[in-house]
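For the sequence shown, this note's numbering gives the first residue as 215, with consecutive numbering after it. Where a beta carbon is used, it is the ideal one built from N, C-alpha and C, also for glycine. Here is the structure we will look at, set down as structure tokens.
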Amino acid sequence: MANLDTTAFQKEVDENAFLVSKTDTQGRITYCNEPFLKIVATTEKNLLGKPHNIIRHPDMPRVVFKILWEHITKQNEVFAYVKNRSFDNSYYWVFANITASVDQSGKTIGYYSVRRKPNKKALDIIIPLYKELLNAEKSGGMEESQKLLDSILAQKKLNYDEFVNNLQRL
Numbered sequence: 215m216a217n218l219d220t221t222a223f224q225k226e227v228d229e230n231a232f233l234v235s236k237t238d239t240q241g242r243i244t245y246c247n248e249p250f251l252k253i254v255a256t257t258e259k260n261l262l263g264k265p266h267n268i269i270r271h272p273d274m275p276r277v278v279f280k281i282l283w284e285h286i287t288k289q290n291e292v293f294a295y296v297k298n299r300s301f302d303n304s305y306y307w308v309f310a311n312i313t314a315s316v317d318q319s320g321k322t323i324g325y326y327s328v329r330r331k332p333n334k335k336a337l338d339i340i341i342p343l344y345k346e347l348l349n350a351e352k353s354g355g356m357e358e359s360q361k362l363l364d365s366i367l368a369q370k371k372l373n374y375d376e377f378v379n380n381l382q383r384l
């Protein structure tokens with residue numbers, strides 16, 4: 215999918231839809247529900263066993279995924295606004311909740327993500343922020359992007375979790 219034109223058109227997540235996927239601890243897809251398959255415009259056969267980042271949109275700053283992985287590898291729940299791409303050259307935005315799946319002994323055996331339609335007002339803030347973070351990343355690497363995000367959060371006197379959850383409530 216790396217060569218797809220990801221500027222073709224935007225899809226909207228249905229207000230009542232929950233897009234669900236599960237991965238193993240390496241991020242390979244082990245399950246996806248029908249609404250997820252529909253918006254990604256492919257079949258389960260094309261996704262199972264593939265790295266979840268197969269649908270990562272190039273407009274996504276890597277620092278967001280760094281934060282995500284820092285949370286879930288410690289078995290902490292995390293929320294994030296994510297722009298993904300589909301197999302039909304479209305893209306879509308989601309408000310994602312990602313958690314660790316654990317076995318009876320408490321060992322992480324994979325990750326579980328439930329995505330829903332993001333708040334439009336939140337995207338009005340997130341889209342320009344992600345552009346800034348991506349520009350910082352392009353000029354100074356992920357460290358520069360992280361510094362910029364940390365600075366913005368410090369100005370708002372919020373941590374990352376408070377920031378994204380407050381946006382969804384706008």
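Ranked by Cα distance from residue 331, the options 323, 246, 309 are led by 309.
If only complete runs of 3 or more residues are kept, the region 238 to 321 shows the beta strand (DSSP E) at 243 to 246, 292 to 299, 304 to 316, in order along the chain. With contact defined as three or more Cβ pairs closer than 8 Å, the region 256 to 271 and the region 340 to 353 are not in contact. Shown here, residue 334 sits in a helix according to DSSP, grouped into three states.
Here residue 274 has 297 as same chain residues with Cβ atoms under 6 Å from its own Cβ, once five neighbours each way along the sequence are excluded. Take residue 245, set aside five residues on each side of it, and the residues of its chain with a beta-carbon closer than 7 Å to its own are 235, 236, in chain order.
Check the Cα spacing between residue 227 and each of 241, 239, 254, 240: the tightest is with 254.
The Cβ atoms of residue 295 and residue 222 lie no closer than 9 Å to each other. If you draw a straight line from the Cα of residue 287 to the Cα of residue 322, it is about 8 Å long. Following the DSSP letters along the chain, one finds residue 223 inside the beta strand (DSSP E) bounded by residues 223 to 225. Less than 9 Å divides the Cβ of residue 312 from the Cβ of residue 293.
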